[in-house]
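Student: Numbered per our numbering, the sequence shown spans residues 7 to 107.
Mind looking over this structure? Questions follow.
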Amino acid sequence: MKKSKALVVNKFRFIRCLILIIFLLAVSTGLVMKVSSAEGIQKEKPYFEMYIKSGDTLWNLAKKYTPKGKDLRKTIYEISILNGLDSADIYPGQIIKIPTQ
């Protein structure tokens, strides 16, 4: 049995088909990369910024801005994480991010 070889009859059509295949591969690769990178993005919690005055404490801020039914300690923890605080100490003049959820 002889192996049949592919014969290019129309060179222009062959090149056009090759370009189309390369283009489709590039587009599909780009879409896959975009979708996979979008899955890695974390949604940031909405927050507002608050200017700290003398006498403000994390506990008082948490009492004021924690929704009913939510634990104050969880709000204090979220404020600490959101602002990169190592302790519960806050100072007048500081701007603190308060989560709105």
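Idealized CB from N, CA, C, for every residue including glycine.
Counting only runs of 3+ residues fully inside the segment 29-95, write out the beta strand (DSSP E) ranges in chain order.
Tutor: For the segment 29-95, whole beta strand (DSSP E) runs of length 3 or above, ordered along the chain, are 53-57.
Student: Using the Cα positions of residue 29 and residue 13, report the straight-line distance between them to the nearest angstrom.
Tutor: Roughly 23 Å separates the two Cα atoms.
Student: With a cut-off of 8 Å, do at least 3 Cβ pairs link the segment 77-87 to the segment 33-41?
Tutor: With the cut-off at 8 Å, the segment 77-87 and the segment 33-41 do not touch.
Student: Given a cut-off of 8 Å, decide if residue 56 and residue 64 are closer than it, judged by their beta-carbon atoms.
Tutor: No, the pair does not count as a contact, with Cβ atoms beyond the cut-off.
Student: Using the C-alpha atoms, what's the distance from residue 75 back to residue 105?
Tutor: Spanning the two alpha carbons is a distance of roughly 15 Å.
Student: Is DSSP giving residue 17 helix, strand or coil here?
Tutor: Looking at residue 17 - three-state DSSP - the assignment turns out to be helix.
Student: What number of angstroms, rounded off, separates the C-alpha of residue 97 from the C-alpha of residue 103?
Tutor: Straight-line Cα distance between these residues: approximately 14 Å.
Student: If you compare alpha carbons, which of 59, 23 and 20 is closest to residue 99?
Tutor: For the residues 59, 23 and 20, the minimum Cα distance to residue 99 belongs to 59.
Student: I'd like to know whether the C-beta atoms of residue 78 and residue 70 end up nearer to each other than 8 Å.
Tutor: Result no, Cβ atoms of residue 78 and residue 70 do not sit closer than 8 Å.
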